[in-house]
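Read the structure below first, then the notes.
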Amino acid sequence: MTYTDTRDTGAKVDFKTAVMNGMSSATGGLYVPVEFPKIDVSKILKADGSPDFLKAAFEMAKPYVQGEIPDKDLEALIKDAYPFEPKLVQIEDGTYVLELFHGPTCAFKDFGARFMARAMSYFNKDQGSNLHILVATSGDTGSAVGSAFHNVPGLDVTILYPEGKISPLQEKQLSTFTGNVRALRVKGTFDDCQKLVKTAFTDKDLRQKFRLSSANSINISRLLPQGFYYMFASLVARAENPGKDIIVTVPSGNFGNLTSGLIAREMGAPIKGFVAATNSNRTIPDWIATAEYKARPSVETYANAMDVGAPSNYERIAFMYSLEEVRRLFAAYWLDNEGIIKSIRACKDSTGYTIDPHGAVAYKAWKDIKNGALDALEGIDITKPGITPNRPEWAGSAKNAAGVILETADPAKFSAIVKDATGSEPPIPERLQKLMALPDRSIPMENNWEKFKAWLSANL
Ligand SMILES: *Cc1c(COP(=O)(O)O)cnc(C)c1O
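In our numbering, the protein residues as written are 57 to 516.
If you want it as structure tokens, here you go:
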């Protein structure tokens with residue numbers, strides 16, 4: 057597969073280059089495959105007609121690595137990456153939750169990070185020097201990446217996270233690694249962390265001295281594997297809902313997850329449309345409503361893994377589709393903190409299902425749409441929580457559609473908020489309980505490029 061650059065369509069690189077560079081150092085643009093081949097869906101169905109997740113993963117990954125990773129190695133890589141699976145759970149008539157938190161760090165980013173770590177390790181095996189991964193996190197990326205790379209030979213990871221802006225459990229998940237994974241707690245926001253990382257990648261000096269790579273959702277090797285579960289879930293939903301449209305609602309921050317959904321749809325996943333659901337960081341809903349893309353500082357919310365004011369994958373979405381196409385394909389929705397609490401409670405009360413604050417944003421967006429929000433678009437004030445006034449082409453059948461809500465984290469990772477909403481604490485999975493006893497090893501860092509650069513120079 058050939059990959060091009062969102063800022064230079066003349067650029068042509070292979071998968072290895074796209075993975076190892078993370079983003080284009082020449083332009084600061086993001087890599088995108090030049091095509092999204094349709095897969096033969098019959099190849100991934102089991103005898104009973106339901107999809108096989110590992111087969112879906114293999115068939116979907118194959119065209120993107122062809123000529124660079126032989127089939128036998130790809131198969132082994134995928135098997136090693138996914139000892140767990142996504143689970144599609146029906147919570148009420150016409151509404152499913154796609155649980156993406158059954159991996160080691162209890163959040164969906166395990167799917168992308170574990171594939172990426174293995175792809176990088178595969179490509180690094182003949183190199184004489186270490187590859188240094190720099191990653192900025194608003195919560196869950198760092199733990200997924202740290203966990204996915206921990207003790208992988210030839211690679212080390214530096215995680216930057218905004219001090220005091222992630223939950224104590226998330227912090228434990230980042231700061232307790234030993235060996236090749238280090239965490240810097242930055243006095244700033246997630247956007248500051250991301251800026252420090254982006255600046256490092258464009259710094260000639262550093263790039264001459266070290267081999268650097270990224271692991272944020274900007275790396276294409278994280279986005280492609282996230283498409284696997286969209287294929288899997290939409291095929292299950294279609295089998296159970298013949299003749300109905302399938303709409304996927306995606307709680308979004310950097311919009312990597314939603315971009316993966318777009319890729320899966322291009323590859324033949326039976327998804328009619330998407331709902332882009334955000335918290336009060338409504339940069340994308342505002343773009344869809346007004347046609348003006350205005351990045352802004354992030355604001356803190358209860359769904360803090362989505363606290364992103366300048367979503368990096370906007371650039372890929374706008375590269376792949378015109379705004380008109382986006383408006384036909386997506387509904388967009390945003391929800392404030394009060395709405396998040398109410399949605400967690402409403403979901404529990406009416407379905408019995410305990411949803412986390414990120415999934416709760418998607419639940420509310422989908423419920424409103426199911427209840428006819430797309431039929432009442434006049435006079436909408438986009439500065440108030442709710443739907444944006446564009447009417448996607450699937451609006452007419454929305455009430456009868458099958459909805460898949462992505463549940464991106466285990467509710468136990470946000471137990472204080474969930475308890476506040478429902479009155480009871482969700483059970484903590486054993487793999488999280490073990491972490492709480494480990495010592496914090498994070499390193500303090502100013503929000504200052506020169507200081508960060510000096511630290512990298514001394515410590516990589
Ligand atoms: C990262 C994350 C999101 C947002 O995903 P993007 O790909 O950045 O849009 C949503 N929920 C949780 C729990 C996350 O960790």
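Beta carbons are placed, not taken as given, at the ideal position from N, Cα and C, and that holds for glycine. Owing to the predicted nature of the structure, the values given are computational and were not obtained by experimental measurement.
In this structure, the C-beta of M176 stays at least 7 Å away from each heavy atom of ligand 1.
Annotation: A418 is outside any beta strand (DSSP E); the continuous alpha helix (DSSP H) that includes it extends over P413 to K426. Exclusion of T305 from the 7 Å shell around ligand 1 follows from its C-beta lying no nearer than that to any non-hydrogen atom of the ligand.
Counting only residues of its own chain and dropping the five nearest sequence neighbours on each side, V69 has a CB closer than 6 Å to the CB of Y59. Fewer than three Cβ pairs drawn from the stretch 250-259 and the stretch 369-381 lie within less than 8 Å of each other, which leaves the two stretches out of contact. The residues T407, in chain order, have a CB closer than 6 Å to that of E148 in the same chain once the five nearest residues on each side in sequence are set aside. Between ligand 1 and K423, a heavy atom-to-CB distance of less than 7 Å is absent. The DSSP-derived three-state label of E394 is helix. DSSP places R447 in no beta strand (DSSP E); its state is neither H nor E. Contact between the stretch 463-479 and the stretch 409-419 is established, with three or more Cβ pairs separated by less than 8 Å. Annotation: T315 to F386 spans about 12 Å, alpha carbon to alpha carbon. I499 counts as exposed, since fewer than 16 other beta carbons sit within 10 angstroms of its beta carbon. For S177, the enclosing alpha helix (DSSP H) begins and ends at K165 to N180. Annotation: the stretch 225-262 contains the following complete segments of the alpha helix (DSSP H) (minimum length 4 residues), in chain order: 246-257. Every beta strand (DSSP E) of 3 residues or more that sits fully in the stretch 350-414 is shown, in chain order, as 386-390.
For Y120, the enclosing alpha helix (DSSP H) begins and ends at F109 to V121. Distance from the CA of T65 to the CA of T83, rounded to the nearest whole angstrom, comes to 11 Å. Here the distance from the Cβ of L314 to the nearest heavy atom of ligand 1 is below 7 Å. Spatial neighbours of T62 in its own chain (CB-CB distance under 7 Å, excluding positions within 5 residues in sequence) are listed in chain order as G85, L86, V88, E371, R372 and F375. DSSP places D136 in the uninterrupted alpha helix (DSSP H) bounded by D127 to A137. Nearest C-alpha to G317 among V237, D129 and I327: I327. Checking the DSSP bridge columns, you'll see E463 partnered with E155. Distance from the CA of G105 to the CA of L291, rounded to the nearest whole angstrom, comes to 9 Å. In the same chain as A429, and ignoring 5 residues on each side of it, the C-beta atoms closer than 6 Å to its own belong to I443, in chain order.
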